[in-house]
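Residue numbers (the numbering used here): 34 to 324. All C-beta atoms in this analysis are idealised placements derived from N, C-alpha and C, irrespective of residue type, glycine included. Notes follow once the structure below has been shown.
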Amino acid sequence: MKRLRLALIVALLRTLAVLPYPLVARLGAAVGALLYALPSRRKHIVLVNLRLCFPEMTDSEHQNLAREHFRHVIRSYVERGVQWFGSAQKIRDIVQVDSAIDLDDEAAPPTIFMGFHFVGIEVGCMLYSTRLPVASLYTRMSSTALCELAKRQRGRFGAEMIERGTSAKKIIGLLRSGKPVMLAADMDQGVENSVFVPFFGVPACTLTAISRLARLGRARVVPFVTEVLPDYQGYKLTIFEPLADFPSQDDEVDARRMNAFLEEQVAKFPEQYYWVHRRFKHRPPGMAPVY
């Protein structure tokens, strides 16, 4: 049964990969709007997150933002067909790149590309891998078969896929060898190697991995964000200037800076941030659970 389910998923994704991109994007947005009309655990999580982070909004505004988020997040799942099975040229056609650094600089220092979980993060990472060598960290899924499929398709243009939790020594070795590493540290992965710092004024369990790896690997930290463009035009991958004086000698200070930078980006298109994640799953001692 599991094999049949995976075969059906692959067949569907392959079909979506050959359809015109605007059609696939519209289909995903429509399915997202339909699913929002149904009660679900994920809808509850989204609304809790929005109420915590945007207390100044009315309930109607929270509902409207949550509905738009569902349209975007389900659309991003449907577009996995294009991302996992589309050609490199098709991905290049739908992603614009605006980079503040020279991506072809062979003398560039060791680089950590710091990503954030906007709905377009996957296609942005894949676009980069069609152009230049890169290593990318991923989190293992509960389904082994689906995880292996995702790993294989995400890395098919040459990206070296590294499971989160891999020895830091390997990542540092990649950095020092000149291969950039893409990773995101804006999800609640547990209290180990994390600190509680504000995210929209709410204490958020935030990983300190980027600071520690950058310090040990003597790497610059370059933020990037992939934005969904309006009218089904595709995406825009923005690569920013390296963070100045980062990392510091204080992981908590660095985590605060990272979250502050993320807040600035979320404010530009809040419907595209990954609110379906339980960002406040872990709470500081004495604070009640929110989900």
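Cut-off 7 Å between Cβ atoms - residues of its own chain near residue i, not counting five sequence neighbours on either side
{"i": "H16", "result": "Since the first residue of the chain shown is 34 and the last is 324, residue 16 is not available in this structure."}
{"i": "L60", "result": "V111"}
{"i": "R75", "result": "V309"}
{"i": "R113", "result": "L46"}
Secondary structure of residue i, DSSP reduced to three states
{"i": "I134", "result": "coil"}
{"i": "A217", "result": "strand"}
{"i": "G250", "result": "helix"}
{"i": "E304", "result": "helix"}
{"i": "L37", "result": "helix"}
{"i": "G263", "result": "In the sequence under discussion, the amino acid at residue 263 is Pro, which differs from the Gly named in the question. Three-state result, P263: helix."}
{"i": "K203", "result": "helix"}
{"i": "M147", "result": "strand"}
{"i": "L71", "result": "coil"}
{"i": "A277", "result": "coil"}
{"i": "K269", "result": "strand"}
{"i": "M194", "result": "strand"}
{"i": "S244", "result": "helix"}
C-beta neighbour in chain B for residue i, strict 9 Å
{"i": "P53", "result": "The chain inventory of the structure shown lacks chain B, comprising one protein chain alone."}
Nearest to residue i (by Cα), restricted to the options the options
{"i": "E139", "options": "D287, P213, L46 and D264", "result": "P213"}
{"i": "T163", "options": "I124, A183 and E181", "result": "I124"}
{"i": "L46", "options": "L68, A133 and L179", "result": "L179"}
{"i": "F279", "options": "E155, Q298, I243 and F229", "result": "I243"}
{"i": "L85", "options": "A133, V235 and F118", "result": "V235"}
{"i": "R173", "options": "P166, I154, T91 and T199", "result": "T199"}
{"i": "V299", "options": "V286, V323 and V258", "result": "V258"}
{"i": "P8", "options": "Q96, P317 and G148", "result": "Limits of the chain in this structure are 34 at one end and 324 at the other, which puts residue 8 out of reach."}
{"i": "T144", "options": "D283, S169 and E155", "result": "S169"}
{"i": "G188", "options": "Y161, S210, K203 and R209", "result": "Y161"}
{"i": "E196", "options": "V224, E181 and Q129", "result": "E181"}
{"i": "V224", "options": "L41, T239, S210 and D264", "result": "T239"}
Neighbourhood of residue i by C-beta, 8 Å cutoff - its chain only, sequence neighbours within 5 removed
{"i": "H105", "result": "A62, G65, V152, V261, E304 and Q305"}
{"i": "E296", "result": "F232 and F233"}
{"i": "D284", "result": "V228, T241, S244 and R245"}
Neighbour-count burial assignment, residue i, 16 or more Cβ in a 10 Å radius
{"i": "P88", "result": "exposed"}
{"i": "R251", "result": "exposed"}
{"i": "S120", "result": "exposed"}
{"i": "S175", "result": "exposed"}
{"i": "N82", "result": "buried"}
{"i": "H150", "result": "buried"}
{"i": "L216", "result": "buried"}
According to DSSP, residues forming a beta bridge with residue i
{"i": "F229", "result": "C238"}
{"i": "P256", "result": "M147"}
{"i": "V128", "result": "Y268"}
{"i": "Y161", "result": "Bridge partners of Y161: none, in fact."}
Residues near residue i by beta carbon distance below 6 Å, same chain, minus five either side
{"i": "I205", "result": "L249 and G250"}
{"i": "Q186", "result": "W117"}
{"i": "T271", "result": "D131 and V258"}
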